[in-house]
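Down below is the structure, laid out as structure tokens.
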Amino acid sequence: MAAGGSALRWHEERIAAAVAPLLPGFAAEVVAEVDSTNTELMRRARAGRTEPVLLVAERQTAGRGRLGRPWQSAQQPDDDVAPSLTFSLGLPLAPADWSGLSLAVGVSLAENLDPTGAARVGLKWPNDLWVDERKLVGILIETALPHAGGAAPAPRYVVIGIGVNIGAREAEGMRTPPAWMRQWRPDATSPAVLAELIPPLVRDVLAFGARGFAPFAERFAARDVLRGREVVLSDGRAGLCEGVSWTGELQVRTAEGLQAIVSDEVSVRPRGMAL
Ligand code: BTN
Numbered sequence: 014m015a016a017g018g019s020a021l022r023w024h025e026e027r028i029a030a031a032v033a034p035l036l037p038g039f040a041a042e043v044v045a046e047v048d049s050t051n052t053e054l055m056r057r058a059r060a061g062r063t064e065p066v067l068l069v070a071e072r073q074t075a076g077r078g079r080l081g082r083p084w085q086s087a088q089q090p091d092d093d094v095a096p097s098l099t100f101s102l103g104l105p106l107a108p109a110d111w112s113g114l115s116l117a118v119g120v121s122l123a124e125n126l127d128p129t130g131a132a133r134v135g136l137k138w139p140n141d142l143w144v145d146e147r148k149l150v151g152i153l154i155e156t157a158l159p160h161a162g163g164a165a166p167a168p169r170y171v172v173i174g175i176g177v178n179i180g181a182r183e184a185e186g187m188r189t190p191p192a193w194m195r196q197w198r199p200d201a202t203s204p205a206v207l208a209e210l211i212p213p214l215v216r217d218v219l220a221f222g223a224r225g226f227a228p229f230a231e232r233f234a235a236r237d238v239l240r241g242r243e244v245v246l247s248d249g250r251a252g253l254c255e256g257v258s259w260t261g262e263l264q265v266r267t268a269e270g271l272q273a274i275v276s277d278e279v280s281v282r283p284r285g286m287a288l
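Under our numbering, the letters of the sequence shown match residues 14 to 288, in that order.
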């Protein structure tokens with residue numbers, strides 16, 4: 014049971030036992046409430062606590078999204094479902110190149126939420142999982158500064174925050190209307206989905222740390238929802254999306270030629286869709 018929390022059974026021990034062989038010292042922790050699981054793990058990292066950990070919150074009071082936006086969860090549970098699954102995975106990582114980490118995380122989540130592709134869970138570069146143009150999952154990745162004088166490349170503590178819509182939710186205040194898992198898997202619960210996602214996610218993040226984005230590129234392409242579509246960038250440029258490069262940049266053919274877009278430069282939307 015979560016500290017001070019609900020009757021949900023979260024299987025922390027099972028998750029920790031599955032992950033510990035991959036990531037020695039790993040712990041899984043569930044809390045009833047926190048401001049934001051990302052904020053909490055970044056606070057801990059700044060205080061020198063950089064052990065590998067999964068922090069799950071049944072409720073976030075100040076959940077954060079990308080670009081400084083808030084992340085609002087669905088109404089809180091009055092049953093055993095927990096309609097919003099919110100968690101952060103924190104661990105030290107030392108990839109030679111950080112580009113493409115959010116894409117690799119997206120690949121891992123999409124493949125495990127929808128293994129056969131039947132639910133049409135797609136990847137919208139750089140950070141979202143979509144079902145039929147609706148957002149199912151948001152990803153917020155943050156890194157704490159490395160300790161000085163360490164190995165090269167210096168490991169950084171990375172916090173990978175993930176919000177998954179499990180149960181029905183309102184679109185109020187959201188940029189894109191939501192999708193949720195129970196639309197195609199009516200028995201989905203947050204604890205069950207969490208237990209399915211975490212071991213493969215840890216494996217994929219460690220694989221990214223060792224080999225970068227390249228081994229994920231074809232897997233991303235298989236679910237890329239922008240490739241072959243006209244897109245508009247937040248800086249006003251528009252063009253045909255030609256997919257994602259081996260290093261994770263979005264390739265857009267504009268009037269000026271092929272542009273390689275990196276994720277903190279601009280955001281992107283299919284032509285005709287409101288930002
Ligand atoms: C986005 O789509 O803008 C990213 C949303 C990320 C939300 C998750 S929920 C768990 C973790 N804690 C946060 O405050 N944010 C992330």
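The beta-carbon is built from N, C-alpha and C at its ideal position, and this holds for glycine as well.
Delimiting residues of the beta strand (DSSP E) encompassing residue i
| i | result |
| --- | --- |
| A220 | Per DSSP, A220 belongs to no beta strand (DSSP E); it is in the alpha helix (DSSP H), 203–224. |
| R147 | 147–157 |
| L253 | 251–257 |
| V44 | 40–44 |
| L289 | The chain is shown from 14 up to 288; residue 289 falls before or after that span and cannot be answered. |
Cross-strand partners of residue i (DSSP beta bridge)
| i | result |
| --- | --- |
| G270 | T267 |
| N178 | S97 |
| R282 | V245 |
| W143 | G135, K148 |
| Q196 | Bridge partners of Q196: none, in fact. |
| R77 | P83 |
| P191 | K148 |
| L102 | L67, I173 |
| V47 | Q73 |
| D237 | L136 |
Boundaries of the alpha helix (DSSP H) in which residue i is found, first to last residue
| i | result |
| --- | --- |
| F229 | Segment: none, F229 is in no alpha helix (DSSP H) and carries neither H nor E. |
| G119 | 114–126 |
| E25 | 25–32 |
> Does the pairing of the region 201–213 with the region 134–142 give three or more beta-carbon distances under 8 Å?
Replying inline: no
> Do the region 26–37 and the region 72–83 touch if we need at least three Cβ pairs shorter than 8 Å?
Replying inline: no
> Are there three or more Cβ pairs, one per stretch, closer than 8 Å when the region 107–120 is compared with the region 210–228?
Replying inline: yes
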